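Chains as they are written, first to last, in our numbering: chain A, 1 to 250; chain B, 1001 to 1192.
Below: one structure, written as structure tokens.
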């Protein structure tokens, strides 16, 4: 049986992990590779690295980091943040990323999705959608969630699928950082309307939230950052709990 | 020396990385002589079948691969290209395994992406591996079950998770991306 995936997300700035991390057994918790290894040990199913600086100088540093991750990590990983052109994608794939996320650039120019899919295959294109509930509608936001785009979330997810996206990373801005649980309604609606995997993101605060999103939606994976970084939830414990709740995990 | 077949498919480097982590040296090459002389050959890849076959044929690598006598391991697209034909781009393949490759019907999410266990499995590649162990898959096409199938997985329907004929082995999953279990399977192949 195909398992639901648990995906820790690491924010990267100047080649270092950003959020304060308190794993006692790590020599250098700011080193993304050390942190990634710890997550692999805990049983993470995939990793996502988001570059939050994304300037031109930093992109070269990022490619170097991706090479190190690819050399040392034995599970699939996705890299994103500031990916604008097919050249950005090519550099990350060449460095060893399994998948790349595109966000604002794809909203601005949707053909970017089909160009990446055509050159590298659908399996490596993850379209990241930041969504917020405004005036009775789930609207897509771009530029790190600062700017509303004139797009309905479900419509955009369907369009992304048509253009060749292999997966959708759906972040509810209403829930992100609240630790009050994933947004069930938009995650369920997007998952129901497309036939590619959906990663739920934003709002994880306790183990019950993972159970809820897997139980009430057909999402394929759930992503979280701070609760893993701060050691509030160990992935081993989370998976034990989900197994007991009859949710198929590795 | 282990040779990894170089062609226009992605993720070839990640196979080399996995071999390096296990302490094996390898070369990535499309030189027929280097492939013929290698102790082991790995034929990896994610990508599109018709353009991959075109690339192999243009360089005569189709004939090189089918004539190899040492252990060969196909991975993902590699497995599919070792079958008779695939619906992807309606492509004639290498014909090593007596299976055809088809697109999953849209009954569930496609691609089949993530970790899945086995329905059945047997043979050299799976020493030390349990039927409940999960491996990482990412594919939209699957090889039908045939006399060459040595392991099966269930997604939408049972399909070939691994195949073998003579010196030719192949896995639909990615051992190089499947954590510790994947490493055991790679090591089993490398020790053949």
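Ideal Cβ positions, reconstructed from N, Cα and C, are used throughout, including at glycine.
Small disclaimer: the values here were computed from a predicted structure and weren't measured.
Residue contact with chain A for residue 1114 of chain B: present (Cβ-Cβ distance below 8 Å to some residue of chain A). Rounded to the nearest whole angstrom, the C-alpha separation of residue 1016 of chain B and residue 246 of chain A is 37 Å. In the structure shown, the three-state DSSP call for residue 223 of chain A is strand. Per DSSP, the beta bridge partners of residue 17 of chain A are A/12. By the Cβ neighbour-count rule, residue 92 of chain A is buried, with 16 or more other Cβ atoms within 10 Å of its own. When secondary structure is reduced to three states using DSSP, residue 1188 of chain B falls in the helix class.
Secondary structure of residue 187 of chain A (DSSP, three-state): helix.
Short of 6 Å from the beta carbon of residue 1113 of chain B, and not among the five residues preceding or following it, lie these beta carbons of its own chain, in chain order: 1138. For residue 1148 of chain B, same chain residues with a beta-carbon under 7 Å away, outside a window of 5 residues either side, are 1097, 1098, 1099, 1163, 1164 and 1165 in chain order. The alpha helix (DSSP H) runs of length 4 or more contained entirely in the segment 102 to 186 of chain A are, from start to end of the chain, 104 to 108, 111 to 120 and 153 to 163.
With fewer than 16 other beta carbons inside 10 angstroms of its own, residue 1039 of chain B counts as exposed. The CB of residue 1154 of chain B comes closer than 8 Å to the CB of 1 in chain A, given here in chain order.
Put simply, the backbone Cα of residue 205 of chain A is about 34 Å away from that of residue 116 of chain A.
Going by DSSP, residue 1102 of chain B is part of the beta strand (DSSP E) stretching over 1100 to 1103.
For the C-beta of residue 71 of chain A, the chain B residues within less than 8 Å are, from N- to C-terminus, 1017, 1020 and 1021. Between the alpha carbons of residue 1136 of chain B and residue 1070 of chain B lies a distance of about 26 Å. For residue 13 of chain A, the closest C-alpha among the options A/2, A/31 and A/5 is that of A/31.
Looking only at A/83, A/169, A/108 and A/218, the smallest Cα-Cα distance to residue 202 of chain A is reached by A/169.
Among the residues facing chain B, residue 86 of chain A is not included, as its CB has no counterpart in that chain under 8 Å away. Residues of chain A whose Cβ lies closer than 8 Å to the Cβ of residue 1046 of chain B are, in chain order, 121, 123 and 124. Taken through DSSP and simplified to helix, strand or coil, residue 1086 of chain B comes out as strand.
The CB of residue 1183 of chain B comes closer than 8 Å to the CB of 74 in chain A, given here in chain order.
Spanning the alpha carbons of residue 64 of chain A and residue 80 of chain A requires a straight line of approximately 14 Å.
Looking at the backbone, the Cα of residue 1086 of chain B and that of residue 51 of chain A are separated by about 38 Å.
For residue 1173 of chain B, the secondary structure class from DSSP, reduced to helix, strand or coil, is coil. Here DSSP, grouped into helix, strand and coil, assigns residue 1116 of chain B to strand. In the three-state DSSP reduction, residue 1073 of chain B falls in the strand class (E or B). For the segment 1038 to 1068 of chain B, the beta-carbon criterion of a distance under 8 Å to any beta-carbon of chain A is satisfied by 1046, 1047 and 1048.
Only those residues of the segment 144 to 170 of chain A whose C-beta falls short of 8 Å from the nearest C-beta of chain B are listed: 166 and 167. Pairing residue 167 of chain A with residue 195 of chain A gives a Cβ-Cβ distance that is not under 8 Å.
Under the Cβ distance rule, residue 1032 of chain B does not count among the residues neighbouring chain A, no pair being separated by less than 8 Å. A distance below 8 Å between beta-carbons, with the five flanking residues on each side excluded, links residue 239 of chain A to the following residues of its chain, in chain order: 6, 43, 249 and 250. In the DSSP assignment, residue 90 of chain A falls within the unbroken alpha helix (DSSP H) covering 86 to 95.
Between the segment 1028 to 1035 of chain B and the segment 1124 to 1131 of chain B there are fewer than three inter-stretch CB-CB distances shorter than 8 Å, so the stretches are not counted as touching.
Within chain A, not a single residue places a beta-carbon under 9 Å from that of residue 1027 of chain B; the smallest gap is close to 17 Å. Residue 1158 of chain B is bridged by DSSP to B/1154.
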